[in-house]
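Same order as they appear, the protein sequences are chains A and B. Just so we're aligned, residue 149 is where the first sequence starts under my numbering, counting upward by one. Just so we're aligned, residue 149 is where the second sequence starts under my numbering, counting upward by one. All C-beta atoms in this analysis are idealised placements derived from N, C-alpha and C, irrespective of residue type, glycine included. The structure appears below as structure tokens.
Protein chains: 2
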Amino acid sequence: MAVKRPTMADIARRAGVSKVAVSYALNDQPGVSEATRASIKNIAEELGWRPNSAARALTGGRAQAVGLVVRRPARTLGVEPFFMEFISGVETVLAERSYALMLQMVADQAQEVEVCRRWWGERRVDGVFLMDLQTDDARVEALRDTGLPAVAIGPPEVAGGLPAIWSDDGESVHEIVRYLAALGHRRIARVAGPAAFAHTAVRDAALAEACREAGIPEATVVHTDYTGDAGARAARALLIAPARPTALVFDNDIMAVAALSVAQELGLSIPADVSVVAWDESPLTQVVRPMLSAVTRDIPGYGATAATALLALIGGEDVGDVREGYAHFVPRGSTAPPPPDPAPR
Amino acid sequence: MAVKRPTMADIARRAGVSKVAVSYALNDQPGVSEATRASIKNIAEELGWRPNSAARALTGGRAQAVGLVVRRPARTLGVEPFFMEFISGVETVLAERSYALMLQMVADQAQEVEVCRRWWGERRVDGVFLMDLQTDDARVEALRDTGLPAVAIGPPEVAGGLPAIWSDDGESVHEIVRYLAALGHRRIARVAGPAAFAHTAVRDAALAEACREAGIPEATVVHTDYTGDAGARAARALLIAPARPTALVFDNDIMAVAALSVAQELGLSIPADVSVVAWDESPLTQVVRPMLSAVTRDIPGYGATAATALLALIGGEDVGDVREGYAHFVPRGSTAPPPPDPAPR
DNA sequence: CTGAAAGCGCTTACAG
DNA sequence: CTGAAAGCGCTTACAG
Chain A
149 MAVKRPTMAD IARRAGVSKV AVSYALNDQP GVSEATRASI KNIAEELGWR
199 PNSAARALTG GRAQAVGLVV RRPARTLGVE PFFMEFISGV ETVLAERSYA
249 LMLQMVADQA QEVEVCRRWW GERRVDGVFL MDLQTDDARV EALRDTGLPA
299 VAIGPPEVAG GLPAIWSDDG ESVHEIVRYL AALGHRRIAR VAGPAAFAHT
349 AVRDAALAEA CREAGIPEAT VVHTDYTGDA GARAARALLI APARPTALVF
399 DNDIMAVAAL SVAQELGLSI PADVSVVAWD ESPLTQVVRP MLSAVTRDIP
449 GYGATAATAL LALIGGEDVG DVREGYAHFV PRGSTAPPPP DPAPR
Chain B
149 MAVKRPTMAD IARRAGVSKV AVSYALNDQP GVSEATRASI KNIAEELGWR
199 PNSAARALTG GRAQAVGLVV RRPARTLGVE PFFMEFISGV ETVLAERSYA
249 LMLQMVADQA QEVEVCRRWW GERRVDGVFL MDLQTDDARV EALRDTGLPA
299 VAIGPPEVAG GLPAIWSDDG ESVHEIVRYL AALGHRRIAR VAGPAAFAHT
349 AVRDAALAEA CREAGIPEAT VVHTDYTGDA GARAARALLI APARPTALVF
399 DNDIMAVAAL SVAQELGLSI PADVSVVAWD ESPLTQVVRP MLSAVTRDIP
449 GYGATAATAL LALIGGEDVG DVREGYAHFV PRGSTAPPPP DPAPR
């Protein structure tokens, strides 16, 4: 417990030089001969010296850490691979630059802002990721005058001038609808995430537009909280309605899986009676039968891009919006042409 | 960006007192009159002052942060709610004490040790959680002489003297086997996690013992990497074997879900032909049909206990092993009496 | 109860 | 190229 960790002073003593020389040597600054530098580095290595991050933060003014606050319930979060994959991508970039990641889960947006303010006030982080951007996101405004460097994970329209790291969900929606329409579907419904999320709104708008372009009736949209339960309820309601949809598009994986159960309950066969599409392919979408047709994207890559942008921003660079590659639709076993019209009841 | 954050010196100037008085006032130390204290606190509030964590860490010697290094692939991690739920429990405790959580994902155990060493050397953390304890865990030894406070998440036998925060998986295994035996099952197989994990070994041993006690043949155990794919392969192999088991017990949720698909593939009905049990009930186990009989435990509570223990350890208290409450077996629709013997092929 | 001083471990100017 | 000094923002003794 009481193991004393070595400091620059210890190295200086051992090397018979001043602390300053040690600092120069270890930071590859001019000011010491190469021989001294090498010997100092050797001693540092031997002693197992590491820079005290607190002291560095105090002088350099950098915490060498970035923060991520998450406001979804742990249960939802745990089931969707999105977050862990995103974080793993973030960390590949942070690790290279020896940046640390601070994580906190909170219950609401007020707390989210509060945690960011505290982190920044305490100089614990140099910047933050704003996840799950909302259509009218209070955080953007609340953090503006603090000077906290932040990147928004979401579409630029709602980022309020913050660099937006986003993937064009609209394009993916068009791809899905074109595919379903080509199969012959005319009645599509979507079981979406929370309406407040900006990317939900983007998908909503794109869906309406895509249906128009495809010349099919506008799709029904039901918003949920992303849980399997809510997804099941929504799917059930849609499938027992008079003119039931022949294709259901879900905003995450767990809701799509829940829909398989609902279809079974109702004696409907997938994909013969109803086609199902999930958003974000995951291990989950591939262990069920039929495997789910899904949108797939490089989520770790998304995280890496966001981290790169944030570090650049912290470094004082001008960072613009970055659009990630499109998510691609991958047809699996859960999509097929619709049953002959009118749909059998 | 360049918004200057207020320091104690700013407050002292405004209040017309010394920096020391400010420190005393803000930290509720004796040394200032109540009137002065109140006025200083007011000014601090007005200015939006927050203690600079780097300066505090430098003087106090405490980083006010703890670390968690995770060594599972992001994809697996994302699907199992365990981690996010565990972390959410950890954070409820940390938040109360204004401790932060540092998170890092790594590829192997060497890196895991290295990250801990670095964090500790840099004084970024005051302690760490050791997750996924192995039967012969190199980390315990590697970290011992560093003095890094750590709690082991796993059984005491392998914690090497570190405080072990554990839930008695053995007891849950007994409960499952007693239940299955009572239903009439005699051929049980278990699709387990990696053999190297200590909690896997505990379950392995308990399973053998429980079968003996129940007077049924020893259960077959197949070790996997926790992925749905591996689970499906293992389940398939077991179910096409000559004397196939009538009950399958899985070490996580995703593998159990995969087994439903495999059964369907093979034309076997669950639970009529085969019973299925999952470990750790999750949203996932409840959205599939039949719902999976599963072991359920308070995972956030587990995380909270671990965090409490770690903070106590950091505080210099004597911390012993803490056993969490048992996980309980909850029968749902995936378990039933076995089909008449001999099993139909 | 109040003030001036020293120090945590490092970095950044500034003289020799 | 090398040394002594000052300072980051705070806390902890130590005198008045």
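When DSSP labels each residue in this structure, what does residue i get in the three-state scheme?
i	result
residue 197(B)	coil
residue 232(A)	helix
residue 216(A)	strand
residue 249(B)	strand
residue 313(B)	strand
residue 332(A)	coil
residue 396(A)	strand
residue 412(B)	helix
residue 180(A)	coil
residue 165(A)	coil
residue 239(B)	helix
residue 489(B)	coil
residue 374(B)	coil
residue 210(B)	coil
residue 417(B)	coil
residue 226(A)	helix
residue 389(A)	coil
residue 401(A)	helix
residue 484(B)	coil
residue 321(B)	helix
residue 256(B)	coil
residue 379(B)	helix
residue 189(A)	helix
residue 173(B)	helix
residue 505(A)	Since the displayed chain A opens at 149 and closes at 493, residue 505(A) lies outside it and no answer follows.
residue 293(A)	coil
residue 272(B)	coil
residue 149(A)	With a pLDDT of only 39 at residue 149(A), under the threshold of 50, the placement of this residue in the model should not be trusted; the figure read from the coordinates follows. In the structure shown, residue 149(A) sits in coil (DSSP, three-state: anything other than H, G, I, E or B).
Using a 10 Å radius around the Cβ and a threshold of 16 neighbouring Cβ atoms, would you call residue i buried or exposed?
i	result
residue 185(B)	buried
residue 473(A)	exposed
residue 149(A)	Only weak support is given to the placement of residue 149(A): the predicted model assigns it a pLDDT of 39, under 50, and the value that follows is read from those uncertain coordinates. Its Cβ having fewer than 16 others within 10 Å, residue 149(A) is exposed.
residue 483(A)	buried
residue 390(B)	exposed
residue 352(A)	buried
residue 177(B)	exposed
residue 168(B)	exposed
residue 161(B)	exposed
residue 492(A)	With a pLDDT of only 49 at residue 492(A), under the threshold of 50, the placement of this residue in the model should not be trusted, and no figure is reported.
residue 190(A)	exposed
residue 409(A)	buried
residue 175(B)	exposed
With DSSP as the reference, please indicate the residues paired to residue i in a beta bridge.
i	result
residue 262(B)	In DSSP, residue 262(B) forms no bridge with anything.
residue 368(B)	337(B)
residue 472(B)	315(B)
residue 299(B)	277(B)
residue 423(B)	395(B)
residue 478(B)	442(B)
residue 282(B)	345(B)
Item to check | Against chain B: residues of the region 183-202 of chain A by CB proximity under 9 Å | outcome: 196, 197, 198, 199, 200, 201, 202
Checklist entry - Just by C-beta distance, which residues in the region 278-293 of chain B are closer than 9 Å to chain A? => result 293
Checklist entry - For the region 376-406 of chain B, which residues have a CB atom closer than 7 Å to at least one CB atom of chain A, in sequence order? => result For the region 376-406 of chain B, the set of positions with a beta-carbon nearer than 7 Å to some beta-carbon of chain A reads 376, 380, 402, 405, 406 in chain order.
Next on the checklist: Taking beta-carbon pairs under 7 Å, can you tell me which members of the region 470-488 of chain B lie near chain A?
Outcome noted: none
Next on the checklist: Going residue by residue through the region 428-470 of chain A, where are the continuous alpha helix (DSSP H) segments of at least 4 residues, counting only ones entirely within it?
Outcome noted: Taking only runs of at least 4 residues, the alpha helix (DSSP H) segments lying wholly in the region 428-470 of chain A are 431-435, 447-462.
Checklist entry - Which residues, taken in chain order from the region 420-440 of chain B, show a beta carbon closer than 8 Å to some beta carbon of chain A? => result 430, 431, 432, 434, 435, 436, 437
Next on the checklist: If the cut-off is 9 Å on Cβ atoms, which residues from the region 158-170 of chain A count as contacting chain B, listed in chain order?
Outcome noted: none
Checklist entry - What residues in the region 254-278 of chain A have a beta carbon less than 7 Å from any beta carbon of chain B? => result 266, 269, 270, 271, 272
Checklist entry - Using Cβ-Cβ distances below 8 Å, what residues of the region 345-368 of chain A are close to chain B? => result Those residues of the region 345-368 of chain A that come within reach of chain B (Cβ to Cβ, closer than 8 Å) do not exist; the list is empty.
Checklist entry - Which of the residues in the region 444-461 of chain A, read from start to end, lie with their CB under 8 Å from any CB of chain B? => result 448
Next on the checklist: Residues of the region 321-332 of chain A in Cβ contact with chain B at a cutoff of 8 Å, in chain order, please.
Outcome noted: Flagged: no residues at all.
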